[in-house]
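Each step along the sequence shown adds one to the number in UniProt numbering, with nothing skipped, and position 173 is 173. Note that beta-carbon positions come from the ideal geometry of N, C-alpha and C, so glycine has one too. Some notes on the structure that comes next.
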Amino acid sequence: MNEGVVLSCIIGTNNTFSTDEINIIPDVYKLYLGETEQNIYLENNPVTINGYFDEKNPEQSSLSFTGIDPFLTLQNYMPAEKDPDIATISTSVKGKLTPSMASALAYLADVNDYQSNKMLLDMIPEQDRKSLSAKWLVNRVEILSHQIIGAECPDFTFTDANGKNVSLKDFRGKIVVLDFCASWCGPCRKEMRSMLTIYNELKADDLEFISVSLDDSEAKWRKMLDEEKLPWVMLWDKTGFPKNSKTPSAIQTDYGFYSIPFLVVIDKEGKLAARNVRGEQVREAILKIRQ
Numbered sequence: 001m002n003e004g005v006v007l008s009c010i011i012g013t014n015n016t017f018s019t020d021e022i023n024i025i026p027d028v029y030k031l032y033l034g035e036t037e038q039n040i041y042l043e044n045n046p047v048t049i050n051g052y053f054d055e056k057n058p059e060q061s062s063l064s065f066t067g068i069d070p071f072l073t074l075q076n077y078m079p080a081e082k083d084p085d086i087a088t089i090s091t092s093v094k095g096k097l098t099p100s101m102a103s104a105l106a107y108l109a110d111v112n113d114y115q116s117n118k119m120l121l122d123m124i125p126e127q128d129r130k131s132l133s134a135k136w137l138v139n140r141v142e143i144l145s146h147q148i149i150g151a152e153c154p155d156f157t158f159t160d161a162n163g164k165n166v167s168l169k170d171f172r173g174k175i176v177v178l179d180f181c182a183s184w185c186g187p188c189r190k191e192m193r194s195m196l197t198i199y200n201e202l203k204a205d206d207l208e209f210i211s212v213s214l215d216d217s218e219a220k221w222r223k224m225l226d227e228e229k230l231p232w233v234m235l236w237d238k239t240g241f242p243k244n245s246k247t248p249s250a251i252q253t254d255y256g257f258y259s260i261p262f263l264v265v266i267d268k269e270g271k272l273a274a275r276n277v278r279g280e281q282v283r284e285a286i287l288k289i290r291q
């Protein structure tokens, strides 16, 4: 993740290569083999790469590394769950990682769980938060702190079907079910129909449903509106759905999600009451606020 090239070399006529020794800050770096790239955690240790690499058919390559034991240790603590909106880091890492390894694990795992990231940040003394991954983690925890239950939800302004700008703050004083979706997302369309049942059962002046589409195409979004004919507020975020989880959109960063459908329930004061909920969980969150 460090900007700029730290070391580079080319393969010699005898199919070997070597580099000069340099001192580096223990952190996450990108290893490039031709056009193939891999994030790797490195410390100030000699690293040796042996084997065969086929850039056209990487799956047929056979490489072995020595000198990357700390990186291999981090692999043991990577979450098995691949969905970053669900995955967490085990508390078993406490006392087992150096500060630089803690920030590297946070960056490599890239989970959306506030407690996991806060735990790793707490393992890093203030004076050791100078690496790029540590600075990334500090910012990450600050962003995620707005996504814990009881935190005030970030405002946004998107366009409705009539071209009118609509903001979250317009619904202060109401319970808001906020649904992030897209026309091409089958599970999103299924969840909308599930939400319609809840909407019809619980609709009242104190409740508002809002669907925010992350479609790249306005035409496809409008086609979905015509097909679903849902009775609640439908908005379009024209920035669309990013192709890379490392470069989420502004709304994804604010609400801490990568995959869709993603639903949150917001109370009448504009504070987060429930996040990443579906179906009956949405109903339960609404009823809990109404108690």
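- Only residues of its own chain outside the window of five on either side were considered, and among them S61, S62 have a CB closer than 7 angstroms to the CB of Y52, listed in chain order.
- Counting only residues of its own chain and dropping the five nearest sequence neighbours on each side, I40 has a CB closer than 8 angstroms to the CB of V28, Y29, K30, L31, I68, F71.
- Exposure of P58 is indicated by the presence of fewer than 16 other C-beta atoms within 10 angstroms of its C-beta.
- Going by DSSP, F65 is part of the beta strand (DSSP E) stretching over 62-66.
- In this structure the region 128-146 does not touch the region 215-224; the number of beta carbon pairs closer than 8 angstroms is below three.
- K288 has its alpha-carbon roughly 10 angstroms from the corresponding atom of D267.
- For Y114 and I148, the gap between their C-alpha atoms comes out near 7 angstroms.
- The alpha-carbon of L263 is positioned some 34 angstroms away from that of L97.
- With respect to the C-alpha of L132, the residue from N23, I175, R290, Y107 having the closest C-alpha is Y107.
- A straight line joining the alpha-carbon of N276 with that of K135 spans about 27 angstroms.
- Close CB contacts of N50 within its chain, under the 6 angstroms cut and outside five residues either way in sequence, are with S64 (chain order).
- Here D237 is buried, its C-beta having at least 16 other C-beta atoms within 10 Å.
- The DSSP-derived three-state label of E269 is coil.
- The beta carbon of D205 sits closer than 7 angstroms to no other beta carbon from its chain once the five residues preceding and following it are set aside.
- In this structure, the beta-carbon distance from C153 to G256 does not fall below 7 angstroms.
- Counting along the chain, F209 sits inside the beta strand (DSSP E) bounded by residues 207-213.
- For Y258, there is no enclosing alpha helix (DSSP H), as DSSP marks it with neither H nor E.
- Bridge partners of G51 according to DSSP: L63.
- With a beta-carbon spacing of about 6 angstroms, T88 and V111 fall inside the 8 angstroms limit used to define contacts.
- Put simply, of L207, E35, A285 the residue whose alpha carbon is nearest the alpha carbon of V233 is L207.
- If you check the CB distance, G186 and D216 do not come in under 7 angstroms.
- Per DSSP, reduced to three states, the secondary structure at Q291 is coil, with no helix or strand assignment.
- Under a 10 Å Cβ-count criterion, L33 is classified as exposed, with fewer than 16 other Cβ atoms of the shown protein chains found around its own Cβ.
- Assigned with DSSP and collapsed to three states, R275 falls in strand.
- Check the Cα spacing between I86 and each of D128, R290, Y258: the tightest is with Y258.
- Between the C-alpha atoms of I286 and L74 there is a straight-line separation of about 40 angstroms.
- The region 114-185 contains, as complete beta strand (DSSP E) runs of 3+ residues, the segments 157-160, 165-167, 175-181 (chain order).
- Per the coordinates, the alpha-carbon of Q281 lies some 27 angstroms from the alpha-carbon of D160.
- Around the C-beta of R140, 16 or more other C-beta atoms lie within 10 Å, and the residue is accordingly described as buried.
- Under DSSP, Y107 forms no beta bridge with any residue.
- Here D27 carries a strand assignment [DSSP, helix/strand/coil].
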